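S.K.: Okay, handing you the structure first.
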Amino acid sequence: MNQLALDNPLAQGLDLAFVGMSIVFTALVLVSIFIAVLPRILAAIHPYIPPAQLHTQSQNKENDAPAIAAAIGFALHARRQND
Amino acid sequence: MEILLEFLSTTAVANMSRGNLLMIFIGAIFISLAIRKDYEPLLLLPIGFGCIVGNLPSISSMAIGVYDKGSVLYYIYFGVSQGIFPPLIFLGIGAMTDFSIMLSSPRLVLLGAAAQTGIFLTLIGALYLGFTPSESGAIGIIGGADGPTAIFLAAKLAPHLLGAIAIAAYSYMALVPVIQPPVMKLLTTRKERLIRMKPPREVSQREKIIFPIVAFLICALLAPGAIGLLGMLFFGNLLKESGVTERLAQTARTSMVDIVTILLGFSVGCSTQAQTFLTPQSVLIFSLGALSFAVATASGVLFAKFLNLFTKDKINPLVGAAGVSAVPDSARVVQMMGQREDPNNYLLMHAMAPNVAGVIGSAVGAGVLWSVLVG
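Listed in order, the protein sequences are those of chains A and B. Okay, so the first sequence: first residue is 6 according to the working numbering, each after it adds one. Okay, so the second sequence: first residue is 132 according to the working numbering, each after it adds one.
This is how it looks when you write it as structure tokens:
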């Protein structure tokens with residue numbers, strides 16, 4: 006399509022620069038606005054979808070590992086003492 | 132004896148040109164900078180060695196170089212020439228990036244947009260110097276200070292300039308600690324450099340999970356050309372933040388990104404054969420690249436000062452320089468410059484916000500240029 010290769014590429018380059026910067030700014034301004042309102046949106050939906058259930062299963066698996074190891078260790082220790 | 136002479140005529144020694152020698156010397160400088168100065172060693176070392184490999188001449192009937200169809204190097208370089216490696220690197224970057232600081236300081240995202248001015252002013256400069264619009268777009272992206280994005284766009288818009296653009300982009304990324312400080316100092320007063328910023332708030336895991344999905348939709352809807360890069364970036368980040376795919380995230384940010392970096396750096400280095408690389412165009416590309424880095428840095432700093440006119444909680448304008456997406460080098464430069472004035476002022480975490488926003492901004496910029504300029 007290269008329309009910029011027409012008569013005056015420099016002038017059209019200026020247009021492209023303006024449009025390009027506008028789109029980059031628009032995208033990041035929208036991202037910025039979304040980030041700013043996200044905590045409020047989450048606060049609003051909090052009663053309906055509580056966050057506590059999010060992915061805790063897999064995290065708990067990892068977090069529980071030391072606790073399980075400690076419990077097994079304690080059980081073995083207690084059994085040996087009883088023996 | 133005749134066979135020996137014939138064999139000798141096919142050796143690299145017999146076919147070596149001064150240009151090849153110069154490129155081998157440049158490759159050695161890259162390796163030296165990587166090892167001695169620690170300038171982007173993960174990239175400069177493979178590129179430097181690739182320069183040496185790519186500039187050993189071979190006879191035309193043998194398929195050896197990256198441009199010889201059927202050679203091993205040709206197939207490795209395929210990932211560069213077809214723009215496959217950059218999105219894979221973005222996947223790894225996404226899996227290693229923590230967007231928390233950005234999520235806690237939305238206004239700093241705008242600095243990442245402002246620094247992309249470097250891309251578009253360089254494009255105008257390239258057009259002025261006589262490059263075609265497609266070539267100018269590919270050269271302009273050097274100002275985004277993002278190597279994978281520069282390679283991606285150059286592969287799409289100006290494949291014949293890919294080597295020069297890739298080398299310029301990565302060289303200047305390595306030289307961020309040299310190029311940025313004078314510009315930052317020139318545009319700020321001591322009082323401004325001493326500004327301390329509020330500590331960022333804590334960000335919930337829910338925000339971190341929702342962000343990559345919505346941010347991708349916003350950016351991709353506006354600039355569909357960036358889907359390949361941003362899709363992989365945000366997908367990698369979702370793997371990291373979801374909490375259920377830690378194994379995949381771990382692979383993406385370690386083994387996978389390392390393998391791709393090796394292949395990309397080495398094959399880009401191999402593509403710098405003197406016959407195609409040492410041209411007046413390459414000199415212009417390097418000059419424009421340096422200028423675009425300086426312009427991008429200045430734009431970020433000046434925009435931070437502009438924002439300070441309207442905000443109560445002042446931004447240290449040095450942070451604006453991190454809007455160029457050389458992650459995390461430009462954020463480190465901001466930290467270093469801030470601590471020169473006040474050793475107890477920690478700007479690194481604040482600088483990471485525009486830094487990662489800059490990655491998004493430069494990918495959006497690349498998407499726009501690709502959409503408009505693809506012929």
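Don't be surprised by glycine CBs; every beta carbon is placed ideally from N, CA and C. Predicted model only: the values in this text are computed from it and were never measured.
#1: How would you list, in chain order, the residues of chain B whose beta-carbon sits under 7 angstroms from the beta-carbon of P14 (chain A)?
#2: Going by alpha carbons, who is nearest to A482 (chain B) out of B:Q247, B:S493, B:I446 and B:A165?
#3: Rounded to whole angstroms, what's the CA-CA distance from S302 (chain B) to S461 (chain B)? Just pull it up for me.
#4: On the three-state DSSP scale, how would you describe P177 (chain B)?
#5: For T253 (chain B), is the classification buried or exposed, using 16 other Cβ atoms within 10 angstroms of its Cβ as the cut-off for buried?
#6: For A72 (chain A), does the count of other Cβ atoms within 10 angstroms reach 16, so buried, or fall short, so exposed?
#7: Have a look at I160 (chain B) and G179 (chain B) and give me their C-alpha separation to the nearest angstrom.
#8: Within the same chain, show all residues whose beta-carbon is closer than 7 angstroms to that of A257 (chain B), passing over the 5 residues directly before and after it, in chain order.
#9: Show which residues of chain A have a CB atom less than 7 angstroms away from the CB atom of V345 (chain B).
#10: Would you say A354 (chain B) reaches chain A, if we count a Cβ-Cβ gap shorter than 9 angstroms as a contact?
#11: What are the boundary residues of the alpha helix (DSSP H) that includes M26 (chain A)?
#12: What are the residues in the stretch 28-52 of chain A lying within 8 angstroms of chain B by C-beta distance?
#13: For a contact defined as C-beta to C-beta under 7 angstroms, what are the partners of F251 (chain B) on chain A?
#14: Tell me, please, whether the CB atom of T248 (chain B) is closer than 9 angstroms to any CB atom in chain A?
#15: When the distance is taken between beta carbons, is F39 (chain A) closer than 9 angstroms to A244 (chain B)?
#16: My understanding is that E372 (chain B) touches K339 (chain B), with C-beta atoms under 8 angstroms, so please give their C-beta distance in whole angstroms.
#17: Anything in chain B within Cβ reach of G78 (chain A), meaning under 8 angstroms, just list it in chain order.
#18: Rounded to whole angstroms, what is the Cα-Cα separation between V34 (chain A) and F408 (chain B)?
#19: Taking any Cβ of chain A, which residues in the stretch 398-424 of chain B have a Cβ under 7 angstroms from it, in chain order?
#20: Using 9 angstroms as the threshold, is the C-beta distance between V464 (chain B) and V490 (chain B) below it?
#21: Which residues, taken in chain order from the stretch 476-497 of chain B, show a beta carbon closer than 8 angstroms to some beta carbon of chain A?
#22: Helix, strand or coil: how does DSSP classify I195 (chain B) here?
#23: Counting C-beta neighbours from all protein chains within 10 Å, is the total for I390 (chain B) 16 or more, i.e. buried, or is it exposed?
#24: Quick one: is D277 (chain B) buried, meaning 16 or more other Cβ sit within 10 Å of its Cβ, or exposed?
#25: Under a three-way DSSP split, which group does D460 (chain B) fall into?
#26: Mind checking E476 (chain B): buried by the 16 CB within 10 Å criterion, or exposed?
#27: Assuming contact is defined by CB atoms lying nearer than 9 angstroms, are P279 (chain B) and S502 (chain B) in contact in what I supplied?
#28: Once the 5 residues before and after N146 (chain B) are set aside, which same chain residues still bring their CB inside 6 angstroms of it?
#29: For V487 (chain B), which three-state DSSP category applies?
#30: Going by Cα to Cα distance, which pick from B:M480, B:M227, B:R238 and B:V455 is closest to G275 (chain B)?
#31: To the nearest angstrom, report how far apart G225 (chain B) and I134 (chain B) are at their CA atoms.
#32: Start and end of the alpha helix (DSSP H) containing G210 (chain B)?
#33: Could you check how far apart the C-beta atoms of M304 (chain B) and V432 (chain B) are, in whole angstroms? I think they sit under 8 angstroms.
#34: By Cβ distance below 6 angstroms, which residues in the same chain neighbour P14 (chain A) in space, the five residues on each side in sequence not counted?
#35: At a CB distance below 7 angstroms, what residues from the stretch 234-248 of chain B approach chain A? Give them in sequence order.
#36: Compute the Euclidean distance between the alpha carbons of F417 (chain B) and T428 (chain B), then round it to the nearest angstrom.
M.R.: With the given structure in hand:
#1: L258 and P264
#2: B:I446
#3: In this structure, the straight-line span from the alpha carbon of S302 (chain B) to that of S461 (chain B) is close to 14 angstroms.
#4: helix
#5: buried
#6: exposed
#7: Near 7 angstroms, if we compare the C-alpha coordinates of G179 (chain B) and I160 (chain B).
#8: E266, S267, I270, G271 and L419
#9: Per Cβ cutoff of 7 angstroms: F39.
#10: yes
#11: P14 to I50
#12: I28, V29, F30, T31, A32, L33, V34, L35, V36, S37, I38, F39, I40, A41, L43, P44 and L47
#13: A22, G25 and M26
#14: Yes, T248 (chain B) counts as interfacial toward chain A.
#15: no
#16: 4 angstroms
#17: Scanning chain B for C-beta atoms nearer than 8 angstroms to the C-beta of G78 (chain A) yields nothing, as the closest lies near 26 angstroms away.
#18: 39 angstroms
#19: Those would be none; no residue qualifies.
#20: Not in contact: V464 (chain B) and V490 (chain B) (Cβ atoms no closer than 9 angstroms).
#21: A488, I491, G492, V495 and G496
#22: Note: I195 (chain B) maps to coil in three-state DSSP.
#23: exposed
#24: When all chains shown are included, D277 (chain B) counts as buried.
#25: helix
#26: The question names Glu, but residue 476 (chain B) in the sequence shown is Asn. The residue is buried, with at least 16 neighbouring Cβ atoms inside 10 Å.
#27: Inclusion of P279 (chain B) and S502 (chain B) in the CB contact set at 9 angstroms is not warranted, their separation being larger than that value.
#28: For N146 (chain B), where only same-chain residues beyond five positions count, the Cβ hits under 6 angstroms are P188.
#29: Residue state, collapsed to three classes: helix.
#30: B:V455
#31: 56 angstroms
#32: V203 to S212
#33: No, M304 (chain B) and V432 (chain B) are not in contact; Cβ-Cβ is about 18 angstroms, not under 8 angstroms.
#34: none
#35: L234, P237, R238, V240, L241, G243, A244, Q247 and T248
#36: 17 angstroms
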